[in-house]
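There are 2 protein chains.
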Amino acid sequence: MKVFIAGIDGYLGWPLALYLNARGHSVAGIDNGYRRLLVREMGGGTITPIQGPIKRKNFARNMGIEFEMGDACGSMVDRFKKFKPDAIVHLAEIPSAPYSMAGFGECWLTFINNSKTTLNILWAMKDVCPEAHLVKLGTMGEYGTPDIDIPEGHFPVEFRNRLAMLPFPRQPGSFYHATKCADSINVELACKLWGLRSTDVMQGVVFGTRTDEMGNNEKLLTRFDIDECFGTAINRFCAQAVIEHPITVYGKGMQKRGFIPLRDSMQCLGIAIENPPEAGEYRVFNQFEGTYTLVSLARRVERIGASLGLKTEINYIENPRIEEEKHYYNPDCKELPRLGYRPTRAVTREITSVLQDLMKYKDRIEKFKDRLIPEVRWDGTKRKSERL
Amino acid sequence: MKVFIAGIDGYLGWPLALYLNARGHSVAGIDNGYRRLLVREMGGGTITPIQGPIKRKNFARNMGIEFEMGDACGSMVDRFKKFKPDAIVHLAEIPSAPYSMAGFGECWLTFINNSKTTLNILWAMKDVCPEAHLVKLGTMGEYGTPDIDIPEGHFPVEFRNRLAMLPFPRQPGSFYHATKCADSINVELACKLWGLRSTDVMQGVVFGTRTDEMGNNEKLLTRFDIDECFGTAINRFCAQAVIEHPITVYGKGMQKRGFIPLRDSMQCLGIAIENPPEAGEYRVFNQFEGTYTLVSLARRVERIGASLGLKTEINYIENPRIEEEKHYYNPDCKELPRLGYRPTRAVTREITSVLQDLMKYKDRIEKFKDRLIPEVRWDGTKRKSERL
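Sequences listed follow chains A and B, in order.
Residue numbers are given in this note's numbering: position 82 of the first sequence equals residue 69, and the series is strictly consecutive.
Residue numbers are given in this note's numbering: position 26 of the second sequence equals residue 13, and the series is strictly consecutive.
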């Protein structure tokens, strides 16, 4: 299949290009480089030594991957006309909740980038390739933490003795998550109005350093961020463990979320791509291996770290976010397993592999270690979180 | 109270300024003039001969209303600091479903204008006047036409033997309606995170030429649009009747919507402003007088027109929209009546008054009558609707 990846230079985009390429698909993609830019702007940097964009472009070309730096907010029409994609994977979004809460400018950049890219892709698909399949990356965070189970896609709502199949109500917890809700709404609408087909992937938090395609070639590595904005829970915990910095858990740490290793995120996206829905169908997949509380993950990292000789401890720090710290959480994940998704690794084994990989880059973690403690607070202020 | 109106030059904004001023409130507002511009761009024009922006500004100043032409997308911080509003009414949105479906450019302008204005107001409120009350105009169209009753605000959802209070699922039918959903999500979020207070008004279709404050002073009239993008059902039907043009109903005409006369929209917004919610509260009001099918309204306009000597007929034309043409529709409207809203006029009496007002401007309707038949189709094409 011909697969176009919007956001091909990102944490997920690059390994997805490698994964699909290895599976025999023809891959092209574009990226505006915002991830590199914004991480630097926040004072962070990738821990894995990834290639610069030009080197990566040439490297990709040698593998048969068309890698272009450019704006996916700009018209996609010409690119789709030229490439004739069977599937378009839309990863071209600024994916950070804290970044979107840092100020009006950051909030608005997140909104404009994410909405415009999504709308641009939809309008271009309508005009150029209405038969193509849009695999759009959503987030489990669109649902918030409701007090009931979270289904996939429409679910039965009974109200005053009538029944309707309706989309699950959205309760995002940050402006970033709100942009994702807006995008999901737009994609569903385009499927309904224009007969486009889409898989909307409500993904849990991804963690991990590698996929099988990377082997031992450092040039194939994907970026790995640990700063408060673009780093996420397990990845940051592992980086902390490697430099024997306390593992910092926000608040009580009983916040529960879905998590999935990077390699299985690739597996799932591949399954979605290779099993397109019918024309006009908008389907929703929840995508995670399991749900875990933050503190249970911190404890695993601490324990596995100890078995590798790393001495660390867990520190509870002020939660910069406004979120429930103890709540019911029971999302479905049935659609992907039904199509063949099987977790390749237990979380424990994947954490071991992350810790081992990161040991090589200890000095790079040290370099950015002041970015490990959050400053951006959901109440609109900025201040480093203190230990509780 | 000190009330700031974002979108003060619009169909609702201007009469709201007059209404609140007459009730003794101190009123200031801003408008970027997009409504004037976009109606012209679509080849339309207001039927009522409203003043140009500069004349209106001076006229407003003489009445004690601060009327500013400027961009509500730009920073509101300075304006809020200076004016110290108790309430902010956010009407500064491009309100047209067909406009948003006309092409990527129109779609994106609607998205960027509406989201940016909303986010700008929210961030400025957080920093300058977190105690103020945001009255934001939503639309009944955010709900779509679900097969169950539509409550106001959160409602009980029972799923797999658990119960949660959740926002009603949103199913917008156009990109314009999608922007409104995004705005509602952002406003609810800001209330939750920052303790702002807001009333989100899910308004039905407004119709009418006047409010009591306008008396017989033509200079006080608000704009009245009849083109396919900015004109809405009853207003367009009345304009058609006045020039004895067939009243054009989209499709079967059994689409049911909530409708409210302009004067009662003012009454309702006034009630919302004068009865603010608690800090941190996000409340939703559905706002309409009653629900009607399009064809029942067309028949009323035809009948009342006949009683005024106007000969017209109803033509069913191809529906340019993709929407259900026969559906269940039973939204609640309990919150506003609970606070004192009483419809001042029956729909029939209000239609009579619109027809009488419009007779004076027959030649202006004739001038724009080629804009009465829709061209923008929801499937992304453009073609005048034919008679069915």
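Using N, Cα and C, we set each Cβ at its ideal position, and we do this for glycine too.
Values in this document were obtained by computation on a predicted structure and should not be read as measured data.
Judged by their CB atoms, Thr198 of chain B and Pro36 of chain B are not nearer to each other than the 7 Å cut-off.
Contact annotation: in the segment 206 to 240 of chain A, no residue has its CB less than 9 Å from a CB in chain B.
Per DSSP, Ala220 of chain B is one residue of the alpha helix (DSSP H) stretching across 220 to 229.
The bridge partners DSSP lists for Gly267 of chain B come to none.
Secondary structure note for Asp187 of chain A: its beta strand (DSSP E) is the uninterrupted segment 184 to 190. With respect to chain A, the C-beta atom of Lys113 of chain B has a partner C-beta closer than 7 Å. Per the Cβ contact rule, the segment 150 to 162 of chain B is not in contact with the segment 233 to 246 of chain B (fewer than 3 Cβ pairs under 8 Å). For Arg374 of chain A, the three-state secondary structure derived from DSSP is strand. Look at the segment 6 to 28 of chain B: it has no residue with a C-beta under 8 Å from a C-beta of chain A. Contacts with chain B at 7 Å (Cβ-Cβ) include Arg147 of chain A. Contact note: Arg364 of chain A does not reach chain B at a C-beta cutoff of 8 Å; the least C-beta distance is about 10 Å. Contact between the segment 124 to 131 of chain A and the segment 182 to 193 of chain A is present: three or more C-beta pairs spanning the two stretches fall below 8 Å.
The alpha-carbon separation between Val64 of chain A and Asn148 of chain B amounts to approximately 48 Å. Look at the segment 315 to 375 of chain B and you find no whole run of beta strand (DSSP E) that is 3 residues long or longer. The C-beta of Ala228 of chain A has 16 or more other C-beta atoms within 10 Å across all chains shown, which makes the residue buried.
Each residue's CA atom was taken as its position, placing His314 of chain A and Pro154 of chain B some 18 Å apart. By the criterion of a C-beta distance shorter than 7 Å, Ile(-5) of chain A is surrounded in its chain by Trp1, Ala4, Gly16, Ile17, Asp18, Phe54, once the five residues flanking it on both sides are discounted.
Membership of Asn8 of chain A in the alpha helix (DSSP H) is indicated by the continuous run 0 to 9. Neighbours of Lys103 of chain B in chain A, taken as residues whose beta carbon is under 9 Å from its own, are Trp95, Phe98, Ile99 in chain order.
Secondary structure at Phe70 of chain B: helix, using DSSP grouped into helix, strand and coil.
Not flagged as an interface residue toward chain A: Ile81 of chain B, since no C-beta distance is shorter than 7 Å.
For Ala165 of chain B, a Cβ of chain A is located within less than 7 Å of the residue's own Cβ.
Shown here, Met152 of chain A sits in a strand according to DSSP, grouped into three states. Straight-line spacing of the CA atoms in Tyr21 of chain A and Thr209 of chain A works out to 15 Å. Between Ala79 of chain B and Ala59 of chain B, the gap from beta carbon to beta carbon is short of 7 Å. The beta-carbon of Gly367 of chain A is placed less than 7 Å from the nearest beta-carbon of chain B.
In this structure, the CA atom of Arg336 of chain A is about 14 Å from the CA atom of Phe246 of chain A. Taken residue by residue, none of the segment 238 to 272 of chain B has a beta-carbon sitting less than 8 Å from a beta-carbon on chain A. Residues of chain B whose Cβ lies closer than 8 Å to the Cβ of Ala151 of chain A are, in chain order, Pro133, Asp134, Ile135. Residue environment for Asn273 of chain A: buried (at least 16 other C-beta atoms within 10 angstroms of its C-beta).
If you draw a straight line from the Cα of Lys179 of chain A to the Cα of Tyr269 of chain A, it is about 8 Å long.
The straight-line gap separating the alpha-carbon atoms of Ser83 of chain B and Tyr328 of chain A is approximately 43 Å. With the rule of 3 Cβ pairs closer than 8 Å, the segment 5 to 13 of chain B does not count as touching the segment 21 to 34 of chain B. Contacts with chain B at 7 Å (Cβ-Cβ) do not include Phe355 of chain A. Among the bridge pairs identified by DSSP, His77 of chain B is matched with B:Ala(-7), B:Lys123.
Separation of Arg250 of chain A and Phe162 of chain A (C-alpha to C-alpha, rounded to the nearest whole angstrom) is 28 Å.
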